[in-house]
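Trainee: In terms of UniProt numbering, the sequence shown opens at residue 1 and continues consecutively. Every residue, glycine too, gets a C-beta built ideally from N, C-alpha and C.
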Amino acid sequence: MNLSQIPIFVLCGGMGTRLREETEFKPKPMVTIGKHPILWHILQSYSKFGFRRFILCLGYKSEMIKSYFHNFFSFNNDCTINLKNNKTVIHESIEQIDWEVTMAYTGEKSMTGSRIAQAAKKYVGESEHFGVTYGDGLTDVNLADEFYFHLNHKKIGTILGVNPPSRFGELEVEGDQVVCFREKPDFENDWINGGYFFFRREFLSYLSEDENCILERAPLFNLARDGELKVYKHKGFWACMDTQRDRDILVKMVEEGNTPWLTKK
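What follows is the structure, given as structure tokens:
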């Protein structure tokens with residue numbers, strides 16, 4: 001199957017209130033990790049496996065995301081602008097990008113399921129499958145492998161399962177006696193939603209355009225109840241930029257040249 005034709009819906013409309021230091025002025029997907037917004041990193045992580053068709057589900061401060069892509073090459077390359085006729089010449093392009101980006105406004109207050117339903121109604125096209133992700137998560141999972149896993153099991157949905165990172169030391173106690181201390185342990189037998197999904201188009205019947213439709217509630221709950229949701233387990237790198245601390249960690253990784261989500265394995 002030609003992965004370049006699979007539409008990937010990226011949820012870009014939320015207000016990102018827990019990262020208020022940044023999102024007061026810009027939507028969370030436009031918060032920079034190094035010199036690029038995290039949205040650029042997410043699209044790059046898909047494109048390295050052959051995905052290139054992206055539908056951005058916009059809401060809060062959508063004009064900033066639209067401006068970024070309208071001016072993508074001038075933002076990312078040297079350019080000369082003739083202010084008399086507004087002609088722009090892009091000099092040597094350092095960005096080898098082959099993306100098709102559709103920007104779909106899905107409302108200021110819409111929840112995640114509503115955003116997907118609205119955008120898919122117009123832009124899923126004839127595709128029998130589509131992907132979904134959030135605008136704030138990074139992983140080094142092989143997304144092509146996850147997609148083929150999705151195809152092979154023939155259920156409606158696939159969710160990426162990752163081990164939850166711990167931010168605190170874990171205490172094992174007996175009464176008031178600490179018998180074991182583990183600093184920030186890995187929960188290798190626990191799985192959480194890693195935010196990278198693939199669905200057959202039948203999943204759209206589980207969604208609603210009503211602004212209160214939340215992907216992570218009734219749609220996924222009902223899909224699991226119907227026995228139509230599989231998990232693709234990934235024990236490698238995964239991070240969610242939920243707070244300023246999360247962003248600081250990702251920025252440090254980029255500064256050190258440690259970007260596993262951009263390296264194809």
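Please state whether DSSP places TYR134 in a helix, a strand or coil.
Mentor: Along the sequence shown, one-based indexing puts residue 134 at 134. The answer is strand: DSSP assigns TYR134 an E or B state.
Trainee: For THR158, count neighbouring C-beta atoms within 10 Å of its own C-beta (all shown protein chains included) and say buried if the count is 16 or more, exposed if not.
Mentor: As a working note, residue 158 is residue 158 in the sequence shown. Its Cβ being crowded by 16 or more others within 10 Å, THR158 is buried.
Trainee: Do LEU56 and ALA104 have their C-beta atoms within less than 8 angstroms of each other?
Mentor: On the sequence shown, residue 56 is found 56 positions in, with the first residue counted as 1. On the sequence shown, residue 104 is found 104 positions in, with the first residue counted as 1. Yes.
Trainee: Unbroken beta strand (DSSP E) runs of length 3 or more, entirely within the stretch 138-163: which are they?
Mentor: Correct list: 157-162.
Trainee: Alpha carbons only, please: which of LEU250, PHE149 and ILE156 is nearest the one belonging to HIS234?
Mentor: Here residue 234 corresponds to residue number 234 of the sequence shown, with the count starting at 1. Ranking LEU250, PHE149 and ILE156 by Cα distance to HIS234 puts PHE149 first.
Trainee: So, are the CB atoms of GLN5 and SER205 less than 8 angstroms apart?
Mentor: Translated into positions along the sequence shown, residue 5 becomes position 5. Translated into positions along the sequence shown, residue 205 becomes position 205. For GLN5 and SER205, no; Cβs fall outside 8 angstroms.
Trainee: What does the Cβ neighbour count give for VAL89, buried or exposed, with the cut at 16 atoms within 10 Å?
Mentor: Position 89 of the sequence shown, counting from 1, holds the residue named residue 89. With fewer than 16 other Cβ atoms within 10 Å, it is exposed.
Trainee: Cα separation between ASP140 and ASP78?
Mentor: Start at 1 with the first residue of the sequence shown, and residue 140 comes out as number 140. Start at 1 with the first residue of the sequence shown, and residue 78 comes out as number 78. Computed Cα separation, rounded: 30 angstroms.
Trainee: Please report the straight-line C-alpha distance between THR17 and THR23, rounded to a whole angstrom.
Mentor: Along the sequence shown, one-based indexing puts residue 17 at 17. Along the sequence shown, one-based indexing puts residue 23 at 23. Looking at the two C-alpha atoms, the distance is approximately 7 angstroms.
Trainee: Determine the burial state of ILE249: buried for a count of at least 16 other Cβ atoms within 10 Å of its Cβ, exposed for fewer.
Mentor: One-based indexing of the sequence shown puts residue 249 at position 249. Exposed, since its Cβ has fewer than 16 Cβ neighbours within 10 Å.
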